[in-house]
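Each residue of the sequence shown is one higher than the one before, counting from 1 in this note's numbering.
Just below is one structure, and these are the notes that go with it.
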Amino acid sequence: MIRVANLTMQLRGGGHVVSILKGVSFDVPPGQLVSIVGPSGSGKSTLLGLLAGLDIPTAGSIQLNGHEITTWTESQLAHFRRQYIGYIFQSFHLIPTLTALENVALPLELNGAASAQTRARELLDTVGLGHRHGHYPTQLSGGEQQRVAVARAFSCRPRILLADEPTGNLDSATGQRMIDLLLALHREHGSTFVLVTHDATLADRTERIITLHDGMITSDQHAPGTPTLDSCVRRNDGVGDVDSGGRGDDGGDDVDSGMRGDDGGGGVDSGVRGDDQGVRNS
Ligand SMILES: Nc1ncnc2c1ncn2[C@@H]1O[C@H](COP(=O)(O)OP(=O)(O)OP(=O)(O)O)[C@@H](O)[C@H]1O
Ligand SMILES: [Mg+2]
């Protein structure tokens, strides 16, 4: 569950202040697959980085599974990211001195997982790199590195997966296979999945497309039949809380129990969401 309200990001560039995000608000129900599209420079990567707590916004609120992350310290954010967030960088960000297997196993080892190597092996097999466990990133093609990055992002079974142009560096056939892989992993894991893309084929296969223009949301379109936040809340009051007991595969340890009260999924219509949740025609 992601709730973003009035998110503003300003940065200093060339001696003056640049407004990159100008009051962005939206909610993503648990498990939803959303793409963020928009022209170059519209603020997509900035928004994704803020959702991962990689940057601090100038103003506004970001709640992930009921936790307001904008007030957290770097170490709280790092801990939360390790536990709950998978991030696929456009430029892979693999560690060059580690093999494919070691790159995928690293987040698991940082989280103290007992069978890190076994799970890493399984994930590399899943992304079709069963024969490349011992290879270093420089010995892999761009598409293969991207697949290692996908395996790594899914390694800790993140509840929230964020991907910045996961097909951006791939030719169309490899990109198509990457889309199939991401969608299959999303279905299997049930993570909330927000991806930034310029790839219309990929965006069209997601449940919802949010369009950014010049730091503002200009459209928010749901594919027909996609559950909205309202319908999810009506169906299952309290859905999306960290402690709602939904998964149980990671022990469910709450990163900051007691730090702030969960809101139990209430107040969803407090003006947070944009009002243009139209149904996509395509
Ligand atoms: N550290 C920074 N200082 C100043 N301006 C920045 C900084 N980082 C990003 N910007 C500006 O913010 C705007 C949005 O950047 P962002 O990378 O979020 O765009 P984007 O939508 O991801 O674009 P693309 O599709 O090209 O990846 C751009 O105009 C960019 O130049
Ligand atoms: Mg970008």
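Note that beta-carbon positions come from the ideal geometry of N, C-alpha and C, so glycine has one too.
Computed from a predicted structure; not experimentally measured.
DSSP, read as helix, strand or coil, puts G168 in coil. Per DSSP, reduced to three states, the secondary structure at L182 is helical.
A contact between stretches requires three or more CB pairs, one per stretch, nearer than 8 Å, and the region 87 to 102 meets this requirement with the region 159 to 167. When only Cα atoms are considered, H131 and E122 end up about 12 Å apart. Nearest to D27 by C-alpha distance, out of G49, G66, T58, L54, is G66.
In the three-state scheme derived from DSSP, where H, G and I count as helix and E and B as strand, G60 is classed as strand. A distance of 8 Å or more separates the beta carbons of G215 and S61.
In the three-state reduction of the DSSP assignment, G175 falls in the helix class. The criterion of a C-beta distance shorter than 8 Å is not satisfied by A105 and T126. For A120, DSSP records no beta bridge to any residue. L50 carries a helical assignment under DSSP once its states are collapsed to helix, strand and coil.
Beta-bridge partners assigned by DSSP to E102: none are found. Excluding residues up to 5 positions away in sequence, G53, I62 lie with their Cβ nearer than 6 Å to the Cβ of I69 in the same chain. Fewer than three pairs of CB atoms, one per stretch, sit closer than 8 Å, so the region 173 to 190 makes no contact with the region 4 to 24. Residue S75 holds the alpha-carbon nearest to the alpha-carbon of D55 among S40, G38, S75. Looking at L129, Q146, A113, the one whose alpha-carbon comes closest to that of R157 is A113.
DSSP, read as helix, strand or coil, puts G112 in coil. Cβ neighbours of P137 within its own chain (closer than 6 Å, five residues either side excluded): L94, P96, Q145.
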